[in-house]
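Residue numbers (the working numbering): 111 to 320.
C-beta atoms are modelled at their ideal positions from N, C-alpha and C, and glycine is treated no differently.
Values in this document were obtained by computation on a predicted structure and should not be read as measured data.
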């Protein structure tokens, strides 16, 4: 189990790096608000590397499937205390991983096509239309939210042998703290902390009951 959670941590770290590869070009950081002004977009993506975006998409998908080891592992632990909740968490995590992998590629593809089409006003209109039509894939986060809430509730209510105070260091609180900040790859940072927490406490507590 520890190995699975370590793999998941590595996956989220790698995925966070690929998020940064999509956000940081050599001329600065891309903010979604930049799409309102194509001159800003043109400046940020001037000289942007298509290879960088291609690698970000491909490596990101691989990294996200590595994270599945952690979600499945934690779901398996919760199944020992509540089979129903554990199965819901497992289903929610699979829902999240599959759709977020698609969303990751679609976001990267949006940037790739913008650069490939010459960063013109027409290119911006095309990629925004593409983004709007494919944005339903972002519903993936609903699966993650279900997973995180159920995990938080199971710990904070004492349904597991994990100490209640440990819920403070879980994925959900970590993301709520990071959300207002301008730090890139916030979701991956929060999920890495959650996986690392379970690596430290989940396996040990199942063994000794303390």
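Exercise. Applying the criterion that 16 or more other CB atoms from any shown protein chain within 10 Å of the CB defines a buried residue, is residue 217 buried or exposed?
Worked result: Sequence index remark: in the chain shown, residue 217 carries index 107 (1-based). Residue 217 should be labelled buried.
Exercise. In terms of residue numbering, what span does the alpha helix (DSSP H) encompassing residue 341 cover?
Worked result: Residue 341 is absent from the model: the chain starts at 111 and stops at 320.
Exercise. Is residue 114 near residue 196, with beta carbons less than 8 Å apart?
Worked result: Position 4 of the chain shown, counted from the start, is the residue given in the question as residue 114. Position 86 of the chain shown, counted from the start, is the residue given in the question as residue 196. Contact flag unset, no.
Problem set entry | Nearest neighbour of residue 237, chosen from 151, 122 and 125 [CA to CA] | Within the chain shown, the letter at position 127 stands for residue 237. Looking at the Cα atoms, 151 is the closest of the given residues.
For this session: Taking all protein chains shown into account, decide if residue 160 is buried (16 or more other Cβ within 10 angstroms of its Cβ) or exposed.
Result: Here residue 160 refers to the residue found at position 50 of the chain shown. Flag for residue 160 reads exposed.
Exercise. Taking the runs of the alpha helix (DSSP H) that are 4 residues or longer, which of them lie wholly in the region 122–164?
Worked result: 148–155
For this session: Indicate the three-state DSSP secondary structure (helix, strand or coil) for residue 271 in the structure shown.
Result: Counted from its first residue, the chain shown places residue 271 at position 161. Three-state result, residue 271: coil.
Exercise. Rounded to the nearest angstrom, how far is the Cβ of residue 170 from that of residue 128, given a contact under 8 Å?
Worked result: Residue numbering aside, residue 170 sits at position 60 when the chain shown is read from its first letter. Residue numbering aside, residue 128 sits at position 18 when the chain shown is read from its first letter. Confirmed, about 4 Å.
Exercise. Would you report the Cα separation of residue 186 and residue 228, rounded to the nearest angstrom?
Worked result: Position 76 of the chain shown, counted from the first residue, corresponds to residue 186. Position 118 of the chain shown, counted from the first residue, corresponds to residue 228. Looking at the two C-alpha atoms, the distance is approximately 48 Å.
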